[in-house]
Amino acid sequence: MDSRRRFTEQPYVVRAMQNVRTYGWIVMAVVVGILAISAISSREASHVGTVAPVILPLPDGEALVTEQELLDLLASSFTKPMNELSLADIDVERVESILEGQAFVADADAFVDDNLQLNIVVTQRVPLLRVIAENGQNYYLDLDGVRMPVSTTHTARVPVVSGNVVLWQDDFMEHPEHQLYQLVELARFLRQDDFLDALIEQIYVNTKGEFILAPKLGDQVIHLGHYDREGTAARLRRLKIFYREGLPYEGWSKYKSFDLRYADQVVARKR
Numbered sequence: 157m158d159s160r161r162r163f164t165e166q167p168y169v170v171r172a173m174q175n176v177r178t179y180g181w182i183v184m185a186v187v188v189g190i191l192a193i194s195a196i197s198s199r200e201a202s203h204v205g206t207v208a209p210v211i212l213p214l215p216d217g218e219a220l221v222t223e224q225e226l227l228d229l230l231a232s233s234f235t236k237p238m239n240e241l242s243l244a245d246i247d248v249e250r251v252e253s254i255l256e257g258q259a260f261v262a263d264a265d266a267f268v269d270d271n272l273q274l275n276i277v278v279t280q281r282v283p284l285l286r287v288i289a290e291n292g293q294n295y296y297l298d299l300d301g302v303r304m305p306v307s308t309t310h311t312a313r314v315p316v317v318s319g320n321v322v323l324w325q326d327d328f329m330e331h332p333e334h335q336l337y338q339l340v341e342l343a344r345f346l347r348q349d350d351f352l353d354a355l356i357e358q359i360y361v362n363t364k365g366e367f368i369l370a371p372k373l374g375d376q377v378i379h380l381g382h383y384d385r386e387g388t389a390a391r392l393r394r395l396k397i398f399y400r401e402g403l404p405y406e407g408w409s410k411y412k413s414f415d416l417r418y419a420d421q422v423v424a425r426k427r
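The numbering of the sequence shown is the working numbering, which starts it at 157 and goes up by one.
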């Protein structure tokens, strides 16, 4: 064989080898793809082994909803018990949406792990105050002003609002002049201050729409007056100073009321 023929055959051999390698990779990719699809299909056909809800506790360590209540809610929302559903039948976004529709749930995250366990992590709504009004209303408001029913498992330790509370209105948080909006604002202010949070137990709304506070210790009443964001904050700061500097010398038992409605002073009335 002459050298010219040998040189002309070499590129053909090289191309053939390259084609074999190329087709080999394609075949391998197809096989891997088929195996992956088969594995996914097999997993989706598998049934959920267990459902494991975890409820993150409130700041006081309690829970307004139980794990069983969440499981019952899911069971009533699907056509079969959760452990009889295949993974293909379970939409984790739907699971989260169903749970977030529960009155005490603020957020829910769901995922299925490698052991086919449906894990659910629930963040509860944080109660801010409880309304027990003369017109029969009885409910909680959370930090965002969302209404929650009274829990059958736990009583939240938050200020109680009583008296002449206006009727519920869905969009009250969009209206700063609304009484419920002002009560939420006041309760937030109290909550953010350790001293006031520990001091105030009840907020009473009189027939004039003024707020009257009741401390946890003693039987005095504190006349706060009509709500005004800046004015109310200034009155409560005066109250803190009075409790810390004035009362220790006289004693709480000598007074029946404190009035904050007058500018730059606390009017204390003795018994």
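From the three backbone atoms N, C-alpha and C, an ideal C-beta is built for every residue, glycine too.
Just so you know, these numbers come straight off a predicted model, no measurement behind them.
Kindly indicate which three-state DSSP category residue i falls into: helix, strand or coil?
i    : result
Q293 : coil
Q376 : coil
V251 : helix
D216 : coil
V268 : strand
Q258 : coil
Q280 : strand
D263 : strand
A192 : The pLDDT assigned to A192 is 43, lower than 50, so where the model puts this residue is not dependable; a value taken from the coordinates is nonetheless given after this. If DSSP states are grouped into helix, strand and coil, A192 belongs with the helices.
Give the straight-line distance between the Cα atoms of residue i and residue j, rounded to the nearest whole angstrom.
i    : j    : result
V278 : R347 : 23 Å
R427 : L299 : 37 Å
S409 : A370 : 14 Å
A192 : V221 : Annotation note: pLDDT 43 at A192 (below 50); position unreliable, no value reported.
S385 : E341 : At residue 385 the sequence reads Arg, which differs from the Ser that was named. Each residue's Cα considered, the two are about 8 Å apart.
P237 : V268 : 16 Å
I276 : T311 : 24 Å
F345 : G205 : 46 Å
L214 : L272 : 29 Å
D415 : L380 : 7 Å
D245 : F234 : 9 Å
V361 : E218 : 29 Å
V251 : R286 : 29 Å
DSSP has residue i in a bridge; who is on the other side?
i    : result
D353 : Answer by DSSP bridge pairing: none, since D353 is not bridged.
R303 : L297
G319 : A289, V361
K396 : In DSSP, K396 forms no bridge with anything.
V423 : D415
Y229 : The question names Tyr, but residue 229 in the sequence shown is Leu. Answer is none; L229 lacks a bridge partner.
Q273 : T206
G381 : F367
For residue i, tell me which candidate among the options has the shortest Cα-Cα distance.
i    : options                : result
Q280 : D270, L297, V287       : L297
Q224 : A424, I211, L355, D326 : I211
Q258 : R303, I246, S242, A312 : R303
I359 : V314, E386, D350       : V314
G292 : L323, H310, A266       : L323
P343 : I246, Q325, T309, L392 : The displayed chain sequence assigns Ala, not Pro, to residue 343. It is L392 whose Cα lies nearest to the Cα of A343.
V261 : S242, D270, A244, V282 : V282
K412 : D216, Y295, V377, A419 : V377
V207 : L241, L255, L274       : L274
L339 : R250, L355, F351, G319 : G319
I368 : A264, T388, F351       : T388
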